[in-house]
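In my numbering, the protein residues as written are 206 to 389.
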C-alpha cells in the first residue's frame with residue numbers, strides 16, 4: 206500500500222505543478238492592457254414608477270462593450286460601477302456584475318453589451334418634476350474591472366448624460382359613446 210501511495214502522491218504533485226502556472230492570476234497592468242472599453246452609453250432609467258400617488262425614481266446607468274486587445278482570451282472578468290454626484294465624495298450608488306463568464310472574449314473580438322445600473326437614484330413625481338429638481342445633479346461613473354483574483358483596476362470615468370430613457374403612461378380619458386335614442 207505504502208509503495209504505491211508515495212509514487213502516486215509524487216505523480217500528482219508533478220502534474221499539479223504543470224497545471225498551476227496556467228492558472229496564475231492576472232496582474233493589474235495586464236488586465237488593464239488587455240481590454241478596451243467601447244460603445245459607452247450613459248443615461249437615466251426608471252427604477253420605480255407609480256401613476257398615483259405620483260412617484261418616479263430614476264437611476265443612472267452605464268452600458269458598454271469590451272474589446273479584447275490582448276493575445277489571450279478574456280474570461281471571468283467582473284465589473285464594478287460606482288456612481289457619484291460630481292464633486293462629491295459620497296457614493297450615490299453602485300453595481301457589481303460578473304459579466305464575462307462561460308463564453309470568453311477571444312483576441313480581437315468584442316463582448317455583448319454590458320449594463321450596470323445604480324441601486325440608488327433620485328426621486329421625483331413626474332418626468333417634468335426633474336427639470337427643476339435640485340437633487341438631480343450631474344453624476345459621474347467610475348468603471349472598475351477585476352479578473353482571477355486580481356485587484357480592481359480603474360478602466361475609466363464618464364459623466365452620466367441627462368438623457369432619460371423612460372416614458373410616462375399617457376393619461377387615459379374615458380371614451381364616451383353616444384347612445385342612439387330609440388324612438389318608441
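Note that the Cβ used here is the ideal one computed from N, Cα and C, for glycine as well.
- In the displayed model, residue 237 falls within a helix according to three-state DSSP.
- Taking 8 Å as the cut-off, the beta carbon of residue 355 is found no closer than this to the beta carbon of residue 240.
- A Cβ-Cβ distance of about 6 Å is found for the pair residue 332 and residue 373, placing them in contact under the 8 Å criterion.
- The shortest CA-to-CA distance from residue 233 to any of 368, 352, 266, 293 is the one to 352.
- Separation of the CB atoms of residue 271 and residue 242 is rounded to 6 Å, and the pair is thereby assigned contact status at 8 Å.
- Cβ atoms of residue 250 and residue 263 come within 8 Å of each other, at about 7 Å.
- In the DSSP assignment, residue 287 falls within the beta strand (DSSP E) that extends over 282–290.
- Apart from sequence neighbours up to five positions away, the residues of its chain that approach residue 327 with a beta-carbon distance below 6 Å are 263, 340, 341, ordered along the chain.
- When rounded, the separation of the alpha-carbon atoms in residue 365 and residue 343 is 7 Å.
- Shown here, residue 371 sits in coil according to DSSP, grouped into three states, outside any helix or strand.
- DSSP places residue 351 in the uninterrupted beta strand (DSSP E) bounded by 344–352.
- Beta-bridge partners of residue 265 (DSSP): 249.
- The criterion of a C-beta distance shorter than 8 Å is satisfied by residue 323 and residue 300.
- Leaving aside the five residues that flank residue 335 on each side, the residues in its chain whose CB is nearer than 6 Å to its CB run, in chain order, 329, 341.
- Put simply, of 357, 280, 265 the residue whose alpha carbon is nearest the alpha carbon of residue 370 is 265.
- CA-to-CA, the gap between residue 315 and residue 295 works out to about 33 Å.
- Taken atom to atom, the span from the alpha-carbon of residue 317 to that of residue 269 is near 8 Å.
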